[in-house]
Amino acid sequence: MTLRILVITLFFLAMLVSSKVTLQNPSFETPPTNLTTNATSQFMLLDSKINVIPGWSFKGTVWYVTSGGNISLPGNGHGLQLGPNGMINQTFKSYDSYDCVLTFTIAPSSAECANNYTAVNVSAPGVSKVFFYDESLGTEMWQTYAFSVGGNEIKRGFFGVEIQSVVTTTSRSNVTCWPIIDALLVKAIRTQTWYSGNPILNSGFEVGPAFMGNSSQGVLLEGGSNRQPSVPLQGWTILGTLKYIDSKHFAVPEGRGAIELISGSSSGIATNAYLYGQGQFTLDFIIGDANDSCVGDLTIFVQIKYMTWNFTMRSIGVGSSEKCSVTFKAEFSNDEPVPISFYGFNETRTSGNQVLCGPVIDGINLQYSSGIRSKKHIIFMVLIIVLSV
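Residue 428, in this note's numbering, is where the sequence shown stops; the numbers in between run on with no holes.
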């Protein structure tokens with residue numbers, strides 16, 4: 040009963056620190072204006088002088104796409120294919136003290152373009168990143184990514200998100216692959232807050248990007264050049280490629296969100312805890328499988344400052360999990376950030392379709408003995424602070 044109350048409380052607090060930002064026509068189900076009434080083509084070329092995409096501006100070569108045949112999209116709806124110099128943009132309102140994270144879907148136009156030959160560049164004020172479709176990361180002919188597009192340094196006002204085509208050509212058939220974009224969401228996340236005395240921020244991964252309502256694929260998160268903790272996974276630096284999974288479609292040990300290490304090479308997460316004093320500490324966490332047929336030995340490495348441990352769980356791919364802990368003695372000076380990371384190196388694939396998979400991590404908690412205090416030690420009084428804002 041105590042655990043259930045804690046999980047419900049953390050879920051409620053996570054809801055307080057995030058909200059969705061309204062995008063216009065996010066899945067392009069409201070068609071462009073002035074389309075040919077008898078048009079039956081799956082790809083309809085748009086003209087910026089004639090056609091208007093409700094909620095969006097565009098330039099370059101852009102097609103309005105209907106799913107079907109070789110084209111698969113969430114909900115079997117519509118999307119936009121970005122051709123040569125193709126770009127779409129939408130401006131929306133930002134809010135003071137919030138960070139914004141974009142969730143979006145990318146799809147290839149053919150099977151030939153399904154392995155790192157389909158890419159888009161996503162940009163916002165001060166940030167830009169290229170994302171590739173990779174057939175080894177999912178079971179659908181589309182994938183969902185998340186990207187931090189705006190921090191609280193923008194303050195209150197309006198800013199735009201731009202998505203542009205990246206020219207890629209297959210090595211075998213010399214086919215140029217143009218990306219298809221669909222299903223966009225923006226989530227506003229309040230700046231960092233610690234809960235329940237745990238010095239690890241977002242320890243249960245309840246604060247993260249928005250999930251697509253009709254998707255069972257999770258949300259892919261990629262590391263970038265910026266190594267500082269930030270959204271899309273609040274408080275954590277992303278190393279390699281991760282999958283953010285939800286309890287509706289995957290086995291999540293606690294709450295509604297967790298992460299799965301999937302990149303096959305080195306991938307993981309890292310954060311800093313601010314501690315001072317000396318004594319005995321215990322780090323508790325949960326390792327599991329996502330109930331996605333990920334079979335084999337799932338191994339993770341845990342590193343706290345200069346100390347390293349490894350843990351292995353034998354998985355049969357049906358959603359099992361194990362609680363793990365490490366106890367260590369240490370002395371920390373005032374204001375010294377203590378690096379904590381969880382990472383994996385082994386490549387594991389699902390038993391049926393050979394999609395990359397890996398260990399699930401959740402429920403991280405750092406405890407300390409009496410007399411030692413974290414500088415971020417904030418009890419549930421934070422609830423009152425949040426409610427008063």
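A virtual CB, placed ideally from N, CA and C, is assigned to each residue, including glycine. A quick note: this is a predicted structure, and the numbers were derived from the prediction, not measured.
| Asked | Found |
| --- | --- |
| In the DSSP output, which residue or residues are listed as bridge partners for E361? | I326 |
| Using a Cβ distance threshold of 8 Å, determine whether the region 273-285 contacts the region 295-306, with at least three qualifying pairs required. | yes |
| Taking C-alpha atoms, which residue in Q182, S148 and C396 lies nearest to T208? | S148 |
| Are A163 and V205 closer than 7 Å when you measure CB to CB? | no |
| On the DSSP letters alone, give me the boundaries of the beta strand (DSSP E) that L281 sits inside. | T280 to D285 |
| Mind the definition here: the region 371-380 touches the region 285-299 only if three or more C-beta pairs lie below 8 Å; say whether that holds. | no |
| Among F324, F250 and T321, which has the Cα closest to the Cα of R295? | F250 |
| Give a yes or no on whether the C-beta atoms belonging to N392 and T178 are separated by under 7 Å. | yes |
| Thinking L62 and G94 are a contact (beta carbons under 8 Å), I'd like their distance in whole angstroms, please. | 7 Å |
| Rounding to the nearest angstrom, what Cα-Cα distance links G263 and F186 in this structure? | 10 Å |
| Suppose contacts are defined by Cβ-Cβ distances below 7 Å. Is V365 in contact with L322 by that definition? | yes |
| Which whole-angstrom value is the C-beta distance of G402 and G243, which I expect to be below 8 Å? | 6 Å |
| Touching or not, the region 158-177 and the region 106-113, by the rule of three or more beta carbon pairs under 8 Å? | no |
| Along the chain, where does the beta strand (DSSP E) that runs through I298 open and close? | G296 to L300 |
| Using a 10 Å radius around the Cβ and a threshold of 16 neighbouring Cβ atoms, would you call P71 buried or exposed? | buried |
| Report, in whole angstroms, the separation of the C-beta atoms of C139 and V188, which I expect to be a contact under 8 Å. | 5 Å |
| My output table needs one value for A150: the three-state DSSP class, helix, strand or coil. | helix |
| Just verifying my parser: in three-state terms, what is the DSSP assignment at Q378? | Before going on, a small fix: residue 378 reads as Pro here, not Gln. Of the three classes helix, strand and coil, the one that applies to P378 here is strand, per DSSP. |
| From the DSSP output, which residues share a beta bridge with S242? | According to DSSP, which records beta bridges pairwise, S242 is partnered with nothing at all. |
| Is S87 helix, strand or coil by DSSP? | coil |
| According to DSSP, is S96 part of a helix, a strand, or is it coil? | strand |
| Rounded to whole angstroms, what is the Cα-Cα separation between N64 and K362? | 43 Å |
| Within its chain, find whatever has a CB closer than 7 Å to the CB of N154; leave out the 5 residues flanking it on each side and keep chain order. | D173 and E174 |
| By Cβ distance below 6 Å, which residues in the same chain neighbour S255 in space, the five residues on each side in sequence not counted? | H288 |
| Does DSSP put N237 in a helix, in a strand, or in coil? | coil |
| May I have the straight-line CA-CA distance separating W348 from L176, to the nearest angstrom? | 28 Å |
| Tell me whether S223 is buried or exposed, calling it buried when 16 or more other Cβ atoms sit within 10 Å of its Cβ. | Note on residue identity: the sequence assigns Leu, not Ser, to residue 223. Buried, because 16 or more other Cβ atoms sit within 10 Å of the Cβ of L223. |
| Can you list, in chain order, the residues of its chain with a C-beta nearer than 8 Å to that of N330? Leave out the 5 residues immediately preceding and following it. | F289, A290, G356, V357 and G358 |
| Using a Cβ-Cβ cut-off of 6 Å (strictly less than) and excluding sequence neighbours within five positions of C152, which residues of its own chain qualify? | C216 |
| From Y345 to A369, what does the alpha carbon distance come to, in whole angstroms? | 11 Å |
| In the DSSP output, which residue or residues are listed as bridge partners for I219? | Q120 and A146 |
| Whose C-beta lies closer than 7 Å to the C-beta of S390 among residues of the same chain, with five residues either side of it excluded? | S332, V334 and G356 |
| Can you list, in chain order, the residues of its chain whose CB lies under 7 Å from that of P271, leaving out five sequence neighbours each side? | V140, A185, F186, S187, G247, P248 and L260 |
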